[in-house]
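Let me begin by presenting the structure, written as C-alpha cells, before commenting on it.
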Amino acid sequence: MAFTRKRQREQQLQLYSRERFSLLLLNLEEYYFEQHTAHHIQHKGSQKERKIRGSLKICSKSVIFEPDAISQPIIKIPLRDCIKIGKHGENEANRHFAKTVSGAISLIFSQVYFIKEHNIVAPYKIERGTMEYVFELDVSGKVEDVVETLLQLHRASCLDKLGDQTAMITAILQSRLARTSFDKNRFQSVSEKLHMECKAEMVTPLVTNPGHACVTDTTLYFQPLNGYPKPVVQIMLQDIRRIYKRRHGLMPLGLEVFCTEDDLCSDIYLKFYERQDRDDLYFYIATYLEHHVPERTAEGYTLQWQRGLLSNYQYLLHLNSLADRSCSDLSQYPVFPWVIGDYSSSELDLSNPETFRDLSKPVGALNQERLERLLTRYQEMPEPRFMYGSHYSSPGYVLFYLVRIAPEYMLCLQNGRFDNADRMFNSIAETWKNCLDGATDFKELIPEFYGDDVSFLVNSLKLDLGKRQGGQLVNDVELPPWARSPEDFLQKSRAALESEHVSEHLHEWIDLVFGYKQQGRDAIGAHNVFHPLTYEGGVDLNSIEDPDEKVAMLTQILEFGQTPRQLFVTPHPRRITPKFKSLSQPSSYNASTADSPGEESFEDLTEESRTLAWSNIARLEPQEQHRIHKEAVTGIAVSRNGSSIFTTSQDSTLKMFSKESRMLQRSISFSNMALSSCLLLPGDATVISSSWDNNIYFYSIAFGRRQDTLMGHDDAVSKICWHDNRLYSASWDSTVKVWSGVPAEMPCARKQHFELLAELEHDVSVDTISLNAAGTLLASGTKEGTVTIWDLTTATLLHQIPCHEGTVGDSAFSPDSRHVLSTGADSRLNVIDVQTGMLISSLTADEPQRCFLWDGNSVVSGSQSGELLVWDLLGGRVSKRIQGHGGAVTCMWMNEQCSNVITGGEDRQIMFWKLQY
7 MAFTRKRQRE QQLQLYSRER FSLLLLNLEE YYFEQHTAHH IQHKGSQKER KIRGSLKICS
67 KSVIFEPDAI SQPIIKIPLR DCIKIGKHGE NEANRHFAKT VSGAISLIFS QVYFIKEHNI
127 VAPYKIERGT MEYVFELDVS GKVEDVVETL LQLHRASCLD KLGDQTAMIT AILQSRLART
187 SFDKNRFQSV SEKLHMECKA EMVTPLVTNP GHACVTDTTL YFQPLNGYPK PVVQIMLQDI
247 RRIYKRRHGL MPLGLEVFCT EDDLCSDIYL KFYERQDRDD LYFYIATYLE HHVPERTAEG
307 YTLQWQRGLL SNYQYLLHLN SLADRSCSDL SQYPVFPWVI GDYSSSELDL SNPETFRDLS
367 KPVGALNQER LERLLTRYQE MPEPRFMYGS HYSSPGYVLF YLVRIAPEYM LCLQNGRFDN
427 ADRMFNSIAE TWKNCLDGAT DFKELIPEFY GDDVSFLVNS LKLDLGKRQG GQLVNDVELP
487 PWARSPEDFL QKSRAALESE HVSEHLHEWI DLVFGYKQQG RDAIGAHNVF HPLTYEGGVD
547 LNSIEDPDEK VAMLTQILEF GQTPRQLFVT PHPRRITPKF KSLSQPSSYN ASTADSPGEE
607 SFEDLTEESR TLAWSNIARL EPQEQHRIHK EAVTGIAVSR NGSSIFTTSQ DSTLKMFSKE
667 SRMLQRSISF SNMALSSCLL LPGDATVISS SWDNNIYFYS IAFGRRQDTL MGHDDAVSKI
727 CWHDNRLYSA SWDSTVKVWS GVPAEMPCAR KQHFELLAEL EHDVSVDTIS LNAAGTLLAS
787 GTKEGTVTIW DLTTATLLHQ IPCHEGTVGD SAFSPDSRHV LSTGADSRLN VIDVQTGMLI
847 SSLTADEPQR CFLWDGNSVV SGSQSGELLV WDLLGGRVSK RIQGHGGAVT CMWMNEQCSN
907 VITGGEDRQI MFWKLQY
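Next up, the structure:
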C-alpha cells in the first residue's frame, strides 16, 4: 500500500535519529532550522527545581522542545504567542539567578501545546495563560545567536499580513542556504566528480525540508539544512528506474525519483526554487538513464494494458504517476475510482452489471436529482463557473481514509485535532451513500482500497478517535455485508476492479480524470467541471504581485485539491477483453466449416503453432540466400504449398523461383519501369504486380503470359492488396482505389472488366496500404508521414494520424484488428488504436525500419542496414538483432504457421529464414 510504504520509509529514517520529533509537528509551510541539546528548567529558583534533558528545535514559526524521556510531552510554543524572548537573567530581578544559569533562554508566552505524552498519538493538549519557560543550552556560547534568531523569527510571525510573514521567513531561509553548501566529505568515493549543486527542498506529505541537492557522475545526494532525519540522503544513479518532472503547488518545480518499476512510492521527491535547476538536474539524470532504462509514456502503458500485460490496478498507478500524482504530495495523491455500487447485499455478484458504479459519469453526476440542483446553480453562477464546490481528491479526503494509519498527518492538517467523530471514516456504506447524496461530497477513492494492506481499515494503533452521537466509539471501519473481513473486502474490491465489466468501461472513467473529458466542452457535456484553481494553468502564481493574495491562492490550491495533468486529448481506447475480442476478432476461415470437428481442431492447432512461433521469434535463423534480381527486391508472394516464390524488383522484372530446385524458373518483364509489389490470387493461378508505370499487371502462371493490364492511376502504383474478389491499389497520384471484377481464377481467353467501386482521396502520395483480416478496414501511409484508417464498408475516413516525420514505409493491422503498426523514415515504430485513432505507443529505432511482420505484441522488422530486429513491443525494447542482408531489407513474407520467413533486400537477394525451436 502506497502510503504505508511511504510511512515505513520515513519511520526508518526517524529511527536513525532516535527522535519522537517529526516535521509533522510543524505547521503547514513551516521550516525546521536547527536544534540544540538543552534542559528545560522547571520551577526555577525553588526547592522543586527540576531539569529535563532534551533537544530544543528552532523552527520558522515555533519553538519545540523534545524531552529525552518519552513519558514527558513534547512542548510546542508558537512564536506568534510569545510576549518576550531573551537571555534569562538580563533583567534586574533575575540577575542573581543569571549567574548560575548563564546559558539559558527565557520565553514568556500566552499559549503552549503538549504533544505525544508517553509517546501516544492523540489530539494536542493546549494550556493558555501567561507563562515563562526557561531552556538552558549545553553550549552556553550559542545563547546569544539563538536568541537573535528567535527574535528575528518572532518579528516575522507578528507581521500583520500573511504575505509579509512568508516573505520574511523565506528571506531568512535563503540567507541560511546561501551561507552553507553541500558537504563534499559526504561523497561515497573520493573519485566522484561533482556535476551540479543547487538549493532544494525534500518533499514529504504536508511538509518540506530545505537543503542542498547535488549530483555526481554516480550518485544523487540531498543534504538537509537541519540534518534531519539523517545527515544526507543518497541514491545511486544506476539504481534509478524512473524520473518525473512534477508540478508542486501548480508550479513546475518538482522532481520525483523512483528506484522501482511499479511502486507508487518514490525514493525522493525534490522541490527546487528555480525551474532551471530542476530542468538541469532532470536532464543530467535522464541522459544517464537513456542508456540504461527505456522511457515510459502514457501511450506505451496503454498498449501494455490493452494487451493484458498490465492489470487495471497497475495501469491506473502508472497513469497517476505520469499525471503528477504522488504519495509524497497529499494535494496530488493518486486517485482511483469507486467501481462497486452495492454495499448492502450479503453477496457480491460481479457478473451483474447492476453491482457496479457507472464509470462514464463523475461521482457528482451519479445522483440525477442532486445533479439537477448543481446544474441549476451552475447556470446561475457568474464566470468562471463550476459545477462542484469541492474536488474528488484533496489532502483532507486522503487523510479521511488514512487517519487510522496516519493520525499524525491528520493532526498536522487540522491544527492538532481529529475531525468530529460523526464525520470520520466510519463505514464503507455510509461513505458511499454520502458521496451519492451529499451536497458537497464528490470524492473518489485511493489506491489503498485495491491493495493488500488492511491497516487503514483497522484501528490497530488503538487511537482515541472520539465518540459518535449514538455513543459508540470510533474504532474499525464498518464493512459491507458481503465482506467477511478486511482482507476479504480488499480481495473482492480488487476482483471488482479487475472484472470484465470494469475492464470494458474503465476507459470511460479515464476520459473523465486523465483524458479529453477533463476540460473544455467535453467536460461540460460530461458534467465534469470543477473550480478553475484545480486545473493546471488555471492560475499563474508568478503574475500575482500582492504577496497576501499569492499566499492565500497557494493555500487554497494545496488544500482544495488539484486535477491530474491531462494525459489524453482524444477518447481513450477500451481494453481488449475476452468478450470484446470474440465479437471483433475477424476470421479468414470459411464460416461453413466452423462446425466441422476436424477443421476446428486444425484451426486450433494452427493458432497454437502461431503462438508458439511468435513466442520463439528471436530464434529466427537464416537458411539460404539467392541473388535473382539486378536491383532492389520490392515484393514477395509465395504459392500455398510453398514451392514457388514470386518476387518483383526495381529492375522491372517479375521472377518465379523454385524452392525445391533452388533455381530461377521464370523472368517476366512488363515494361521498363520498376515493379513495386506483387500478390498471388487464391488458387495460385495468377500473379498481380504493380508498377511505377501507373499500371497493374495480371500474369497467368499456367499460360506463362500477361493476361490483362489495369490502367487505373495517373502516377506510379506503390502497393496492392487483395481480399474477397476486390483489388486495392495505392498510388503516388494521392489515391487508393477499390476495384471489383477480379475473380480468383481469371480465364486467359478474354479481357476482364474492372469496375471502380471507391476512390479514397489523400492530400499527397500514398506509399503503402494494408487490410485487416476481415477486409473491412484499410490503413494507408503517405510520403508526409500520415497514417489514415478507412472503413471499407462505407468508404469513409475513420482517423487521420500525422505520426511520422517523412514517408511511411510500411503499415499493418494486428491480427485482432485493434491496432495498426506503422514504420517510417523517421525511424519510429508507431502503434495506433483503431477504435479511437489514438497513438498509443511510439518507439524509436537506431535507423529506419523499412518493413515488418507482427502479431500484435512482437515485431520482426527489416532495417535500413540489413539487420532483422526482433522487438518486444510491450516492453518497448529490441530483444534481438540478427544480421541479414547487405543492404536495406525492403520486403518480408511469413507463412501461415509463422515458422518460415522470406525477406528481400536492396542487395538484390532473397533470404530464407526458419525458426529453430
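Numbering (the numbering used here), first residue to last: 7 to 923. We put the beta carbon where it would ideally sit given N, CA and C, even for glycine.
In the DSSP output, which residue or residues are listed as bridge partners for residue i?
i           : result
residue 5   : With the chain covering 7 to 923 only, the question about residue 5 has no answer from this structure.
residue 280 : None; residue 280 has no bridge partner.
residue 825 : 839
residue 131 : 120
residue 899 : 908
residue 805 : 795
residue 125 : Per DSSP, none; premise fails for residue 125.
residue 73  : 60
residue 704 : 694 and 714
residue 139 : 113
residue 257 : 254
residue 239 : 228
Tell me which residue opens and which closes the beta strand (DSSP E) that residue i is part of.
i           : result
residue 796 : 792-797
residue 418 : From DSSP, residue 418 is part of no beta strand (DSSP E) but of the alpha helix (DSSP H) over 413-419.
residue 789 : Counting along the chain, residue 789 falls outside any beta strand (DSSP E), and DSSP gives it neither H nor E.
residue 639 : 639-644
residue 746 : 741-746
residue 818 : 814-819
residue 406 : Not the beta strand (DSSP E): residue 406 falls in the alpha helix (DSSP H), residues 401-408.
residue 874 : 874-878
Please look up how many angstroms separate the CB atoms of residue i and residue j, rounded, as I've assumed it's under 8 Å.
i           : j           : result
residue 284 : residue 251 : 7 Å
residue 247 : residue 262 : Wrong, their Cβ atoms sit about 12 Å apart, outside the cutoff.
residue 186 : residue 231 : 7 Å
Mark residue i as exposed unless 16 or more other C-beta atoms lie within 10 angstroms of its C-beta, in which case mark it buried.
i           : result
residue 420 : exposed
residue 199 : exposed
residue 207 : buried
residue 800 : exposed
residue 923 : exposed
residue 606 : Caution applies to residue 606, whose pLDDT of 39 falls short of 50 and renders its modelled position unreliable; the value that the coordinates give is listed next. So residue 606 counts as exposed.
residue 310 : buried
residue 29  : buried
residue 184 : exposed
residue 289 : exposed
residue 914 : buried
residue 829 : buried
residue 813 : buried
residue 727 : buried
residue 390 : exposed
residue 759 : exposed
residue 911 : buried
residue 684 : buried
residue 514 : buried
residue 708 : exposed
Please state whether DSSP places residue i in a helix, a strand or coil.
i           : result
residue 4   : There is no way to answer for residue 4, as the model of the chain reaches only from 7 to 923.
residue 624 : helix
residue 669 : strand
residue 907 : strand
residue 343 : coil
residue 100 : Model confidence at residue 100 stands at a pLDDT of 45, short of 50, so the residue's coordinates are unreliable; what they give is reported in the following sentence. Helix at residue 100.
residue 88  : strand
residue 376 : helix
residue 20  : Legend: pLDDT at residue 20 = 46, less than 50; position of this residue unreliable, value from coordinates given subsequently. DSSP places residue 20 in helix when its eight states are reduced to three.
residue 7   : Bear in mind that the predicted position of residue 7 carries a pLDDT of just 48, short of 50, making it too unreliable to give a figure here.
residue 727 : strand
residue 385 : helix
residue 294 : helix
Following the continuous alpha helix (DSSP H) through residue i, name the residue where it begins and the one where it ends.
i           : result
residue 855 : No alpha helix (DSSP H) holds residue 855; the beta strand (DSSP E) holding it covers 855-860.
residue 307 : 304-312
residue 556 : 553-566
Is the CB of residue i under 8 Å away from at least one CB in chain C?
i           : result
residue 468 : The structure shown has no chain C; it contains just one protein chain.
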